[in-house]
Every structure is written in structure tokens, then in C-alpha cells.
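Let me begin by presenting the structure, written as C-alpha cells, before commenting on it.
Residue numbers (the numbering used here): 19 to 146.
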């Protein structure tokens, strides 16, 4: 009986340690996403280096490292991701989400769907 109790205690300790590590790793990802959201409030004085131009409904955006920029007067401001924007490469650190047997990609509060015919990722609204 004592052996089973000792084994059970060991299992509980291992599970608790696993949950602690998982929670710590998940928290790190969330903090990174929060930094990117805070970055959305900043204004960039010059053009982002190595950006990709994206046109959505006749509006010009600039995309770099998961952030979308828009030109305002003589500065570039970080703006929310425009629905329908198409990009060829996802930023490092994205996550894959499976919902209703479909695959979506998520990064910094933005959801993407891959369109294989065009080989692009499209910004979409949060899937239900």
C-alpha cells in the first residue's frame, strides 16, 4: 500500500512540475504578444527597414515582423492588421490553431488563413 502511495505522490510531483513549466512558457509567449500590441501605439519616424508593401482596398500598408504600418503625413504609424491583407511569410513565433477541422495561424492578436493557390497568408477576423 505504501508503495502505491509513494508512486502516486511522485506522479503528482511530475505533473505539477510539467504544469509549472508549461505555464511559464505560455506566459512568455503572451508577454511577447503584449509587447507587439504596445508597439502598435508608437509612431515610426522613417520607413520601416526591409518592409513589404501591402495594398488592401486601395490603401497602402507596410508590413514588417508582424506589424502593419501606414503612412501619415511624414511619419509611419503602426496600425491594426487590415482584414484581407495578404503576406507571403508569417512572422517568427506564430502559432497554428486547429478549429472545426481547419488550420489557422495566429500571431500577436492577428489570425491568418493560408491560401494554397496563391501561396499567401490572409489576415482574417477571429474564427468562431
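We put the beta carbon where it would ideally sit given N, CA and C, even for glycine.
query, result
"Residue 5, DSSP secondary structure in three states", "No answer is possible for residue 5: it lies beyond the span of the chain, which begins at 19 and ends at 146."
"Contact set for residue 135: own chain, Cβ-Cβ below 8 Å, skip 5 residues either direction", "none"
"Closest by C-alpha distance to residue 108, when choosing among 98, 122, 116 and 96", "122"
"CA nearest to the CA of residue 138, picked from 73, 87, 84 and 103", "103"
"Top-ranked residue by Cα proximity to residue 75, from 100, 85, 132 and 89", "100"
"Span separating the alpha-carbon of residue 110 from that of residue 86", "15 Å"
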